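Going by the working numbering, the residue at position 415 of the sequence shown is 435; the numbering climbs one at a time, nothing skipped. Don't be surprised by glycine CBs; every beta carbon is placed ideally from N, CA and C. Predicted, not measured: the structure shown is a model, and the values here were computed from it. So the structure is just underneath, and the comments pick up after that.
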Amino acid sequence: MIPRTHLTYALYLLAALGLAACTKPAAEAAEPAFNLPELTGATPWTDAALQDDADDFHFVVVSDRTCCARPGVFASAMPKVNLVSPAFVVSVGDLIEGYTENPAQLTREWNEIESYVGALDAPFFYTPGNHDMNNAVMAEEWQRRFGPSYYHFEYKDVLFVVLNSELFGMVGAPQTPVPGPWKQAEQMDFIRSVLSQNTDARWTIVLLHQPLWTARTINPDWLEIEGLLGERNYTVFAGHYHQYSREVRNNRNFITLATTGGGSGLRGTAYGEFDHVAWVTMRSDGPTIANLLLDGIQDVDVSNPELLGALNAISSAVTLETELGTTQDFTGAALTVEFVNPTDAPLTVSPELARKTNFEIAGLEPLTLGAGERRALDLRLTVDSPTPYAELVTAAVRWTVTGTIGPRPVQFPITKPVLPRTRLAIPPVGPVTVDGSLDEWGALRFKVARQGDILSADLAPEDASFAFDVREGEDQLYVAVDVTDDDVQLHEDLVPRAQDSIRLFIDPRSAAARNRKMGAGEALMGGDMAAQIGTIVATGATMDDELLSFVQTTNQAIEYRVVPGDHGYRAEFAIPLALIRERARAEDPALEDWTEARVSVGIYDLDTGEHVPTPLFWQPYPYGEASLPDTELFVRTTAP
21 MIPRTHLTYA
31 LYLLAALGLA
41 ACTKPAAEAA
51 EPAFNLPELT
61 GATPWTDAAL
71 QDDADDFHFV
81 VVSDRTCCAR
91 PGVFASAMPK
101 VNLVSPAFVV
111 SVGDLIEGYT
121 ENPAQLTREW
131 NEIESYVGAL
141 DAPFFYTPGN
151 HDMNNAVMAE
161 EWQRRFGPSY
171 YHFEYKDVLF
181 VVLNSELFGM
191 VGAPQTPVPG
201 PWKQAEQMDF
211 IRSVLSQNTD
221 ARWTIVLLHQ
231 PLWTARTINP
241 DWLEIEGLLG
251 ERNYTVFAGH
261 YHQYSREVRN
271 NRNFITLATT
281 GGGSGLRGTA
291 YGEFDHVAWV
301 TMRSDGPTIA
311 NLLLDGIQDV
321 DVSNPELLGA
331 LNAISSAVTL
341 ETELGTTQDF
351 TGAALTVEFV
361 NPTDAPLTVS
371 PELARKTNFE
381 IAGLEPLTLG
391 AGERRALDLR
401 LTVDSPTPYA
411 ELVTAAVRWT
421 VTGTIGPRPV
431 QFPITKPVLP
441 RTRLAIPPVG
451 PVTVDGSLDE
461 WGALRFKVAR
471 QGDILSADLA
481 PEDASFAFDV
491 REGEDQLYVA
501 VDVTDDDVQL
511 HEDLVPRAQD
521 SIRLFIDPRS
531 AAARNRKMGA
541 GEALMGGDMA
551 AQIGTIVATG
561 ATMDDELLSF
571 VQTTNQAIEY
581 RVVPGDHGYR
591 AEFAIPLALI
601 RERARAEDPA
611 LEDWTEARVS
621 VGIYDLDTGE
631 HVPTPLFWQP
641 YPYGEASLPD
651 TELFVRTTAP
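Next comes the structure, spelled out in structure tokens:
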């Protein structure tokens, strides 16, 4: 270990960073540049300035670990810091619990920290905090291990000044500097000298533990330092309060960091309570600061096929079994949730109601499953009074799974939709004129004012909602849709799916075919959607949509009309019964005629200033991760 007197410690810092104190390189480094091909005309890149100047660099600031340190957080942060490859790492103090004069305890705590810091690929610069140094014994231990408690270094014409805030006054005794090898007067002489000798620094970074500028009565020495910093460009970093805050003083940023494993309520970014490191990019016009939350920094093996396969197996092993209703009104039902643990270690499954709607779910309890174990949980779905199935809205239960997969501890959610279902009747209807007026329909039975797909964004009822109905005529299946929309967007130059529009799909195939679980891409490219009858009809366009070319022949067979209304727009559709029979018999040529079908109705809502419409589905989207079998299921009441 290099002896760390003031002189040798300074030389050690310079050697570690490849610096010469307060000097500039003899020759300026060449400006980095792309070697781009010479093209005539347009180019597939922008002409923004290259963000990689020869004087640019990155460094990381780590924050408080102590005052009820949470095990493992700081240690796990060091490999994550390596992932972003900073030039070096600086601290704002409070790395050990401290507050002791016991040499053995101090040795244990500092050895632990140095083992964590030793995992860094880049140099680490220590800053003392009140937990690191609050008595003479601790101050002397710091000097033995690290040399000076205040110092400076320079890198690429940026001056870094590390201060000992405990010399301004200890946390427990603000009027008393920490006893030990250093005096506050000497620290003040040091800062005056360093700032006066480095007036040409392009930026100055000040690091200390206590944010002294936040005190009710600010220490005069700190006010003097702010005066000495004057009009130079500078940024100040501190910690101590375990709560992030950015304050602008003297038109400069004064940053108080949150924690890197220290005690915290972890109430989130709005409260400034989170575990992070500050990622600082030093450019010619000053530093850009990004707060990297530790949960957001993951290594290259954050997931792999083995882990993903295990997670998918666990998710797929959570199944919900409930029988279809036999009436049009829901009065209650049993729901069995079955869990299988496909791993070789125990799993705990903890449920919570993630989306409450207009029916209740009773019996949610945590379960622990041994390796390979199968368990079932019996739930009860209830309503206060009989409610039409058509009015029930999809609820959701989030199952949080905790356990170990291979060597890795895991905790992840599995969210499942819950919705009682029945076969909904298609009543007969007399002649219907497809003109969009809906005069012959009367009240529409199905009203959709809340998102029926638990993974899609909710729309406020005042933003968009719709009612619809399905009826059977002599030769046609009729669908009426009445959309309430506070901002109807009609775009003749946009494809249907990119504006206000209605999505209608009819699937008369067998239960096995229509309930097959797959994603939208697989359904589209694999032909599943083409096997159905489907269309997306826009309010203001008749142009073809190439993505939906698989339904163009269907569009020609469907008669429809969309008309504006005083509250949105209305639409009527007429689908030939012969076409539905044809699609049903394509799967089973021996089938005489269809008896039931999924009739999926939804809308896409585009508002002014938006570019992507929001879908509103009646029930779970058939091709989403949270689909449910036998949803949107209609049965004929007229004999074919």
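Scanning its chain for C-beta atoms nearer than 6 Å, with the 5 sequence neighbours on each side dropped, one finds around residue 157 the residues 121, in chain order. The alpha-carbon of residue 548 is positioned some 56 Å away from that of residue 276. In the structure shown, the three-state DSSP call for residue 204 is helix.
Beta-bridge annotation (DSSP): residue 527 is paired with 618. One thing to note: residue 99 has its Cβ no nearer than 8 Å to the Cβ of residue 159. Per DSSP, reduced to three states, the secondary structure at residue 315 is helical. Counting C-beta atoms within 10 angstroms of its own C-beta, residue 65 has fewer than 16 neighbours from the protein chains shown and is therefore classed as exposed. The alpha-carbon of residue 551 is positioned some 48 Å away from that of residue 68. As for any beta strand (DSSP E) of minimum length 3 sitting wholly inside the region 204 to 273, the runs are 223 to 227, 254 to 258, 265 to 269, ordered along the chain. Residue 585 carries a coil assignment under DSSP once its states are collapsed to helix, strand and coil.
Inclusion of residue 149 and residue 260 in the CB contact set at 8 Å is warranted, their separation being smaller than that value. DSSP, read as helix, strand or coil, puts residue 632 in coil.
Beta-bridge annotation (DSSP): residue 296 is paired with 313.
By a beta-carbon distance limit of 8 Å, residue 369 contacts residue 386. Their separation comes to about 7 Å. Three or more beta-carbon pairs separated by less than 8 Å are not found between the region 278 to 287 and the region 242 to 255, which leaves the two stretches without contact. In the structure shown, residue 171 adopts extended strand secondary structure according to DSSP, grouped into three states. It is roughly 27 Å from the alpha-carbon of residue 185 to the alpha-carbon of residue 139. Per the C-alpha coordinates, the member of 589, 527, 546 positioned closest to residue 595 is 527. Residue 431 has 422 as its beta-bridge partners, per DSSP. Annotation for residue 489: 461, 464, 465, 466, 500 place their beta carbon closer than 7 Å to its own, counting only its chain and skipping 5 residues before and after.
In this structure, residue 637 and residue 471 form a Cβ contact; the two beta carbons are roughly 7 Å apart against a cut-off of 8 Å. Between residue 456 and residue 582 a beta carbon distance of about 6 Å is seen, short of the 8 Å cut, so the two are scored as contacting. As a beta-bridge residue in DSSP terms, residue 108 pairs with 79.
Comparing alpha carbon positions, the residue from 626, 103, 623 closest to residue 320 is 103.
Taking C-beta separations shorter than 7 Å and ignoring five residues to either side along the sequence, the partners of residue 643 in its chain run 538, 539, 540, 543, following chain order. As computed with DSSP, residue 522 is found in a beta bridge with 557, 623. By the neighbour-count definition (other C-beta atoms within 10 Å, threshold 16), residue 59 is an exposed residue.
Around residue 433, the same chain offers 418, 420 as residues with beta carbons nearer than 6 Å, after the five sequence neighbours per side are excluded.
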